[in-house]
Every structure is written in structure tokens, then in C-alpha cells.
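**Q** Position in the sequence shown (from 1) plus 51 gives the number in this note's numbering.
Before we start, here is the structure in question, set down as C-alpha cells.
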Amino acid sequence: MTDSTDLVADQVQRLTSIDPLLPPISDPGSGHTLVAAIAGGARVTGVLDIRLDRGHEVQELRPYVGRYGGVGMDAVLRALRARFDRTPPDPESMCLIVWPSRDADCTGPLLAHGLLPVLALGVRTKPAELPRTPRAEVREGNPDDASAVLRLARQESEYSALFSVSAPHPSASADEALAEELRIPGRVWVARQGLHTEEITGMVQVAELRAGSWERSCLLPAGRWGQILRVAVRPDERGRGVGRALADAAHGVLNRAELTRSVVWYSPLNPLASVFWHRQGYRPLWNVWQCRPADVVR
Ligand SMILES: CC(C)(COP(=O)(O)OP(=O)(O)OC[C@H]1O[C@@H](n2cnc3c(N)ncnc32)[C@H](O)[C@@H]1OP(=O)(O)O)[C@@H](O)C(=O)NCCC(=O)NCCS
52 MTDSTDLVAD QVQRLTSIDP LLPPISDPGS GHTLVAAIAG GARVTGVLDI RLDRGHEVQE
112 LRPYVGRYGG VGMDAVLRAL RARFDRTPPD PESMCLIVWP SRDADCTGPL LAHGLLPVLA
172 LGVRTKPAEL PRTPRAEVRE GNPDDASAVL RLARQESEYS ALFSVSAPHP SASADEALAE
232 ELRIPGRVWV ARQGLHTEEI TGMVQVAELR AGSWERSCLL PAGRWGQILR VAVRPDERGR
292 GVGRALADAA HGVLNRAELT RSVVWYSPLN PLASVFWHRQ GYRPLWNVWQ CRPADVVR
């Protein structure tokens, strides 16, 4: 049998050999401990954290599979299914597992047990090669741009929701927060259609990741990171270089703040974003696997 301390140390060793950018995991956190046996008498574990998020039950599993990789993941997910049989999750609940993107060995078991990789944390660790010849003019946004920027943000949210299993979020408070961002210098940038018109065709929102954020506390190597929070181009203007010009502007802002590393959340299922971000120098570090309701886990 492998004890839990060995499993954590094992897991750190295995994951850092899979992807050197993964930070060391330390504290498994609180929750219900699941234990599963695998061939040869070894055991693997998982910690199940059950919480409420915007009124919906979230069951987050943190597997500790150590050196056992996909075999261990399969065993922990079987233990999760057995727990759901004993204690059924809420019909509106969601199950989620955050797992390193490059751990290909665990992908098959996650899929086989009914989870889907609906989100990825993309990372860019080299300074952007700037300037590239801009294909659209980008300027700093201001409060007068609010209606165009909010319209673009809503279009982006509607499009991104096509690739989500979560409940849609209420948008009034998100609108207010974005309008507020337009008052902060350097946060929102807009692309305009041509030299002779002020019509806005795209927007990008950028910031430094807060020191206590989940990403900096749990998912990233230590140090400062920038974040692109949102990018949207008007549907009839996509594929003409506007998004690239916005990404360049955002990276220029981050470079000037000495943030040469940045992150973006996107869905690997989004056919536009998944191609776009990789072309802008990002690659996936973590995937968020989800199913809804949680009882979908097989
Ligand atoms: C993602 C989005 C912002 C990209 O903006 P865009 O103006 O369409 O992208 P660009 O024309 O600047 O393309 C930039 C690069 O991505 C590539 N690209 C963009 N869309 C592509 C597609 N559908 N297929 C293949 N390549 C694509 C281009 O080839 C280009 O590469 P290059 O600059 O090296 O030639 C835009 O499509 C959009 O608003 N999508 C809907 C909202 C969304 O998904 N937002 C992201 C959420 S994370």
C-alpha cells in the first residue's frame, strides 16, 4: 500500500516530469476522502470538496493518483461513482476536476467516466514578439465606448456559452463591472474599423492577476502574471486580423508593466478561441473537466 504522503510526493514528481511549468501541489485541502484499490494492493485517493457556487452545488474532486497515472484516475473515478450511488448529488449539481493538460494518460479515463474538457488555462511564458504589422487600429477604451463594448462582451459570452456545461451567469452585474473597467486606464482596448470611422469592431480586457487569485495560489509558478480576461470581435469582422491586433495591444500593455507571462481561460471546444490563442503564443497548462449534473459520472 502507498500512504497518502507518498502519493502526494509521487504525484508532484510525475506531474513536474510531464510539464515543468506545473507548480508543486502541497495541501490536498479539506473534503471527503475517497480511497480506491488498484491491482497489486496499491491504493490511490481523491479529496471531494462539496460547495455552493451561485446557488448550485459543485462537487470538485482532487485526485491523488501518484505514479499510477491513468489506472489510478480510473480507480478514483470508480470510487467517486460508488460514493454518488450511496449519496446522490443534487440534480442541479456539477462535478469538476482540474487536471494538467499534458497528462495524456489520464485523458481516456476522464472521458470514459463521462467528464468533458470544457475549459483550459492557456499560458504564454515568452515575451510577445512586438510590434507586428497591425491589421487594425487599436486605441484605449473610455466610458463613451460602453454600449459598443458591452454589446461585444455579450456576443462573446453568448458564443462562449455554447461550449459550457455551467448555468449561464446573470449578466447585469457583469455589465456593470465591465463598464467600471472602462474607467480604469489601460484595462480595456478597442479596435476601430478604419481611419475615417469610430465604429468599434472589437475589444480586449486585460489586467494583472491578483496575488491571492486562485490561478496564482494553485495553478501557476510563483511570480507576477498578466491575464487577458476577454476578447471579442464583431461576428462580421472575424478572421481579418482584428483579434490579433487586440492581442498585440494587450501584450504591449502587459510588457510595459513588466508582465512577460500571461494567462487566458478558453474552451478547447471553441473552434475560434482554441486556434486563436495558440497563434498568439499560448498553450494549455490545465484543463477543467466537468459534467452536469454531477450524477452523469459513470
Ligand atoms: C477569437 C477571436 C477574438 C479572434 O479574432 P479574429 O479577428 O477573428 O482573429 P484574427 O483574424 O486576428 O486571427 C488571428 C490568428 O488566428 C487565426 N485564426 C483565427 N480564426 C481562425 C479560424 N477560425 N481558423 C483558423 N485560424 C484562425 C488566424 O489565421 C490568425 O493567424 P495569423 O495572425 O498568424 O495569420 C474572434 O474570432 C471572436 O470574437 N470569437 C468569438 C468570441 C470568442 O470566442 N472569444 C474568445 C473567448 S476565450
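Just so it is clear, CB atoms sit at the ideal spot from N, CA and C, and this is done for glycine as well.
(1) Out of curiosity, what's the CA-to-CA distance linking V348 and L172?
(2) Based on Cα-Cα distance, which residue from G277, V169, L103 and E232 lies nearest to L25?
(3) Any idea which residues DSSP pairs Y115 with across the strands?
(4) Straight-line CA distance for P344 to L85?
(5) Kindly examine ligand 1 and report whether one of its heavy atoms sits closer than 7 Å to the Cβ of E259.
(6) By how many angstroms is the C-alpha of W316 removed from the C-alpha of V98?
(7) Run through DSSP, which three-state label would G332 get?
(8) Which residues in the same chain have their Cβ closer than 6 Å to the Cβ of V284, if we skip the five residues on either side of it in sequence?
(9) Since G277 contacts L305 with CB under 8 Å, what's their CB separation in whole angstroms?
(10) Note down the Cα distance separating D346 from A300, rounded to an integer number of angstroms.
(11) Hey, is V241 close to ligand 1, as in C-beta under 7 Å from one of its heavy atoms?
(12) Under the DSSP definition of a beta bridge, which residues are partnered with D104?
(13) To which residues of the same chain is R65 closer than 8 Å at the C-beta, ignoring the five residues directly before and after it?
(14) G92 to A262, Cα distance in whole Å?
(15) Here's the rule: buried if 16 or more other CB atoms are within 10 angstroms of the residue's CB, otherwise exposed. What is A324?
(16) Going straight from the alpha carbon of A230 to that of L112, what length do you get?
(17) Ligand 1 and V174: does the residue's C-beta get closer than 7 Å to at least one heavy atom of that ligand?
(18) Quick check: the Cα distance between E108 and E143, rounded to an integer number of angstroms?
(19) In the DSSP assignment, what residue or residues form a beta bridge with S313?
(20) Taking buried to mean at least 16 other C-beta atoms within 10 Å of its own C-beta, is S211 buried or exposed?
(21) Roughly how many angstroms separate the alpha carbons of R134 and V127, rounded to a whole number?
(22) Note down, in chain order, each residue of its chain lying with its Cβ closer than 6 Å to the Cβ of R267, except the 5 sequence neighbours on either side.
(23) Just to check my reading of the structure: D196 and V122 have Cβ atoms closer than 8 Å, yes? What is that Cβ distance to the nearest angstrom?
**A** Inspection of the coordinates gives the following:
(1) 23 Å
(2) There is simply no residue 25 to check, as the chain begins at 52 and stops at 349 in what is shown.
(3) T96
(4) 20 Å
(5) no
(6) 24 Å
(7) coil
(8) G253, V293 and G294
(9) 4 Å
(10) 43 Å
(11) no
(12) H107
(13) G117, R118 and G120
(14) 42 Å
(15) buried
(16) 35 Å
(17) no
(18) 7 Å
(19) R175 and G277
(20) buried
(21) 11 Å
(22) L260
(23) No, D196 and V122 are not in contact; Cβ-Cβ is about 53 Å, not under 8 Å.
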